[in-house]
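Protein sequence lines correspond, in order, to chains W and U. According to this note's numbering, the first sequence is numbered sequentially starting from 1. According to this note's numbering, the second sequence is numbered sequentially starting from 1.
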Amino acid sequence: MASGVKPRVKVPKTAAAGDKITIKTLISHKMESGQRKDKEGNIIPRSIINRFTCDFNGENVIDVTLEPAISTNPYLEFEAVVPEAGEFKFTWYDDDGSVYDEAKKIAIG
Amino acid sequence: MRKLTGAVLATLLATTGAIADPVDDTLIVNEEMELVVRTAAPEHISEALDEVMSGWLFRGTETRAMQADDFDNPGMIFAEQARDVWNTAEGTEGKSCASCHDDIESMSGVKGTYPKWNETAGEVRTLQMQMNDCRTNRMGADAWKYDKGDAINMEAALASVARGTLVNVAIDGPAQSTWEQGKDLYYTRTGQLELSCANCHEDNYGNMIRADHLSQGQINGFPVYRLKNTKLNGSHSRFKGCVRDTRAETYSPGSAEFVALELYVASRGNGLSVEGPSIRN
């Protein structure tokens, strides 16, 4: 398992109904591409986050496929419309099968 | 035609001048904490400068914005890693930093006062030297390498909790001789290019040195996350880079010379906010 993996998310605590908000996400991950070689000339096995999803109250907001060329600590920023109070769920999928979760509540106000 | 060229050239020069000046901007971190990035120069350098300015004012709009939000600041990733180390017991004594110092937030008054005279050791110590003293004498752990990995991360973590406090290093009393040594180094020309720190950072701040915008060389923002090498950089490593650029043999990070220089350069920023981990190019 990749070490030092830590997801971070920034979502406003409140929004007006129907508002478009900006969500920022970052996961610390080495994103080893699988193209590099170590000192002995052996290929360093690929180890990346290959998929990221965000759901709001069970409905999908964004579903991203990440490729090996994406650099260390992938940062994703996107917009979402908030129709009602609820919870954003964020999920990162690692090559090694690990799944990292994070959730943030948002209120209408 | 010649007249026209002259007019165009004059406009160009005027424009270049305007770009090169430090910007007029305020640094508000996370929309809540305003930091001092410009203030009256401390008395001991008032002959040389009227006003001291953080290097933040000399960077581009995007770089400045990146530092204004902890989420966008890549230096905070390293500071967060150090927070985990803070609570991890290491060495033969089974102690962590937290065993003696509790919560890292309680150390907010520390960063701005270093480098600082240590009475027991009879020397001026930087924060990293003090951390290693704790590690070897109190924890029974190995010393960290200067300006590397865990050491620079921990300095960044201690800087991050000290934001909002001001740089205020003592230059009198027992620290004075070290401070004088640092001052001598600051004004000593080195290398084939025969440049001292002052030639660029006192005489020419605000001007362009080829593509780079010269700042006052303040170190209130250290450790610095540099976009060019995507990691944290310590002030000693920066000194080394500067001295190297004058085409001289350099001192090493952690050397007595750089400790003295750090004390002197830090004292030139007395009154500015602790800003680290800051973002520079």
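We put the CB at the ideal spot given by N, CA and C, even for glycine. Just so you know, these numbers come straight off a predicted model, no measurement behind them.
Within chain U, the C-beta atoms nearer than 9 Å to that of Lys24 of chain W come from Asp69, Phe71, Asp72, in chain order. Counting only Cβ-Cβ distances below 8 Å, Arg8 of chain W has contacts in chain U at Phe71, in chain order.
At a cut-off of 8 Å between C-beta atoms, Ile77 of chain U counts as an interface residue with respect to chain W.
The Cβ-Cβ distance between Ile108 of chain W and Thr14 of chain W falls below 8 Å. Gln181 of chain U has a beta carbon lying at 8 Å or more from every beta carbon in chain W. For Gln130 of chain U, no CB of chain W lies under 8 Å from its own CB, so it is not counted at the interface with that chain. When C-alpha distances from Gln218 of chain U are compared across U:Pro253, U:Val110, U:Phe239, the shortest belongs to U:Phe239. Boundaries around Leu158 of chain U are those of the alpha helix (DSSP H), 149–161, since no beta strand (DSSP E) includes it. DSSP places Phe88 of chain W within a strand segment (E or B) once states are collapsed to three. Note: Leu232 of chain U is bridge-paired with U:Tyr225 in the DSSP secondary-structure output. By the 16-neighbour rule on beta-carbons within 10 angstroms, Asn73 of chain U is buried. Of all residues in the region 12–42 of chain W, the ones placed with a Cβ closer than 8 Å to any Cβ belonging to chain U are Lys24, Leu26, Ser28, in chain order. Your pair Ile106 of chain W and Val11 of chain W checks out as a contact, with CB atoms roughly 6 Å apart and the cut at 8 Å. Residue state for Arg38 of chain U is assigned as strand, using DSSP reduced to three classes. Chain-order list of chain U residues neighbouring Gly109 of chain W: empty, with the shortest C-beta distance near 18 Å, by a criterion of under 9 Å. Secondary structure note for Phe78 of chain U: its alpha helix (DSSP H) is the uninterrupted segment 75–86. Beta-bridge analysis with DSSP links Trp117 of chain U to U:Val124. Here the alpha carbon of Pro253 of chain U sits roughly 23 Å from the alpha carbon of Pro174 of chain U.
In this structure, DSSP gives Val169 of chain U a state outside helix and strand, which the three-state scheme calls coil. Put simply, the region 22–34 of chain U does not touch the region 40–57 of chain W. Fewer than three CB pairs are less than 8 Å apart. The region 92–104 of chain W makes contact with the region 48–67 of chain W: 3 or more CB pairs, one atom from each, lie closer than 8 Å. In this structure, Glu93 of chain U keeps its C-beta atom at 8 Å or more from the C-beta atom of Gly60 of chain U. When C-beta distances to chain W are compared with 8 Å, the residues of the region 81–103 of chain U below that value are Gln81, in chain order. Annotated as distal: Leu272 of chain U and Val85 of chain U, with beta-carbon spacing of 8 Å or more.
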